[in-house]
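J.:
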Amino acid sequence: MNPFYSNIKKTIYEHGFMVMAVGAGENGEHPFFYTIGLTELNMPEILIVGDMHPHIAHLLLSRAVEIFKEKGEIKGFATTSLKAKPVRRCLRSFKS
485 MNPFYSNIKK TIYEHGFMVM AVGAGENGEH PFFYTIGLTE LNMPEILIVG DMHPHIAHLL
545 LSRAVEIFKE KGEIKGFATT SLKAKPVRRC LRSFKS
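As structure tokens, then:
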């Protein structure tokens, strides 16, 4: 197995989920961070977009996971029904 994917599987096995960081794009797209593995725990995967230190993004996502595990939901978060779009297309729409 590819070492990249082996590391993901190992992290999810040890911690229940992993936070993946994707750096800023060449065309000015913002960096984004997302969880991997939460669907296996019957939880939603979470995505955040913005210029922040990866450590802060990891803390935010980890705290959201803790709240969800404790309460079964995250109150106070706005939700919207959106059609699925490729990530690149979504990032461009945030610029306007």
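For what it's worth, the working numbering labels the leading residue of the sequence shown as 485, then goes sequentially. For each residue, glycine too, the CB sits at the ideal point set by N, CA and C. No experiment lies behind these values; they were computed from the predicted model shown.
Just the C-alpha distance for A541 and I551, rounded to the nearest angstrom, thanks.
T.: Numbered from its first residue, the sequence shown carries residue 541 at position 57. Numbered from its first residue, the sequence shown carries residue 551 at position 67. Spanning the two alpha carbons is a distance of roughly 16 Å.
J.: Quick check: what's the CA-CA separation for P487 versus I530?
T.: In the sequence shown, the residue the question calls residue 487 occupies position 3. In the sequence shown, the residue the question calls residue 530 occupies position 46. P487 and I530: Cα-Cα distance of roughly 24 Å.
J.: Can you have a look at T519 and say buried or exposed, based on whether 16 or more other CB atoms are within 10 angstroms of its CB?
T.: Start at 1 with the first residue of the sequence shown, and residue 519 comes out as number 35. Classification of T519: buried, given that the 10 Å Cβ count is 16 or more.
J.: With I492 as the anchor, note down where its alpha helix (DSSP H) starts and where it stops.
T.: The residue labelled residue 492 in the question sits at position 8 within the sequence shown. Where I492 is concerned, the enclosing alpha helix (DSSP H) stretches over P487 to H499.
J.: Alpha carbon to alpha carbon, how far is N526 from V503? Give it in angstroms, no decimals.
T.: Working through the sequence shown from its first residue, we reach residue 503 at position 19. Working through the sequence shown from its first residue, we reach residue 526 at position 42. If I take the Cα positions, the gap works out to 17 Å.
J.: In angstroms with no decimal places, state the Cα-to-Cα distance between K494 and E524.
T.: Within the sequence shown, residue 494 is the residue found at index 10, counting from 1. Within the sequence shown, residue 524 is the residue found at index 40, counting from 1. Roughly 14 Å separates the two Cα atoms.
J.: May I ask which residues mark the beginning and end of the alpha helix (DSSP H) holding A548?
T.: In the sequence shown, the residue the question calls residue 548 occupies position 64. A548 -> alpha helix (DSSP H) spans P538 to K555.
J.: Can you name, in chain order, every residue of its own chain whose Cβ lies under 6 Å from the Cβ of S580, other than the five neighbours on each side?
T.: By one-based count along the sequence shown, residue 580 stands at place 96. Only weak support exists for where S580 lies, its pLDDT of 42 falling under 50; the value from the coordinates is given anyway. There are no such residues.
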